[in-house]
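Below, the structure written as structure tokens:
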């Protein structure tokens, strides 16, 4: 609609306002989705699980090695933290 705001009829103004509200609501929803950290973490965790499951289906030995490697890395990390705390 390229009519100047002074020449809008009431119906045109109401339609323009409704469209502006809808666009604003969509923008706010997009921002909320993008800035909602727990929701974004959940989405990424779901993607990672799906990706790992497909990897485990294709390469079961590689998936087992990855799980063992992650467990060892976590254990070593905890061991270093406990050791550092016990020294102080």
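Residue numbers (full-length UniProt numbering): 1 to 88. Just so it is clear, CB atoms sit at the ideal spot from N, CA and C, and this is done for glycine as well.
Cα-Cα separation between residue i and residue j, rounded to whole angstroms
| i | j | result |
| --- | --- | --- |
| residue 19 | residue 25 | 10 Å |
| residue 77 | residue 71 | 10 Å |
| residue 31 | residue 17 | 21 Å |
| residue 66 | residue 49 | 13 Å |
| residue 44 | residue 38 | 10 Å |
| residue 79 | residue 87 | 12 Å |
| residue 47 | residue 40 | 11 Å |
| residue 84 | residue 27 | 48 Å |
| residue 14 | residue 8 | 9 Å |
| residue 35 | residue 42 | 13 Å |
Cutoff 8 Å: residue i Cβ touching any chain D Cβ
| i | result |
| --- | --- |
| residue 23 | Any reference to chain D falls outside this structure, which holds one protein chain only. |
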